[in-house]
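Notes follow once the structure below has been shown.
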Amino acid sequence: MTVTLAFYKGRGNSVFQRFQDGLIRSVTRGIYSHVELISGDALHGHPAVCLSASGRDGGVREKIILLKPESWDLVSMRMDSKAPCQFIKDHLGARYDYTGLMLSQVLAFGRHDPDKWFCSEICAAALGLPNPQRVSPQFLFDVVTWKKDGVRTIG
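Numbering (the working numbering), first residue to last: 301 to 455.
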């Protein structure tokens, strides 16, 4: 079984979304502004059931997203997807953590509120990484692609 992480490198539809994506990329010094967790293999040009926390959607949610190759880089990892997916599903409906995002990514305080999540934080926690509140989308990409054994990057 596999888990796929989808890393967003696209541009939002509105001026506010483009500003939001640009701000996250600038603060985290990366090319990604968002990440989604998918059970199994995912393919560009096809819809996938994605799990994550989204400020645009208000918090932790499950959503079908069309993975356009110009907007998403995909990283597939050989691992059982049951526990990571269940971790996020157990938090469905939790609010998006704007304060935690600012305090952990911008000011480096490492603050974590267990009732609120941002995208890379909940994906990192679902994968069992320590201190998930310190993980940005770019850092998560760097971590999961650092040792290439069992990892397939499509992008």
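Positions of the beta carbon are idealized from the N, C-alpha and C atoms, including for glycine.
In the DSSP assignment, GLY322 falls outside any beta strand (DSSP E) and within the unbroken alpha helix (DSSP H) covering 315-328. Rounded to whole angstroms, the gap between the alpha carbons of LEU429 and VAL443 is 10 Å.
Separation of LYS389 and GLY310 (C-alpha to C-alpha, rounded to the nearest whole angstrom) is 25 Å. Here VAL443 carries a helix assignment [DSSP, helix/strand/coil]. Our two residues, ILE364 and SER352, have alpha carbons roughly 11 Å apart in a direct line. In the DSSP assignment, ALA383 falls within the alpha helix (DSSP H) that extends over 382-389. One thing to note: THR304 has its Cβ no nearer than 8 Å to the Cβ of PRO437. Cβ neighbours of ALA425 within its own chain (closer than 6 Å, five residues either side excluded): PRO432.
Taking the Cα positions, ARG325 is about 14 Å away from SER371.
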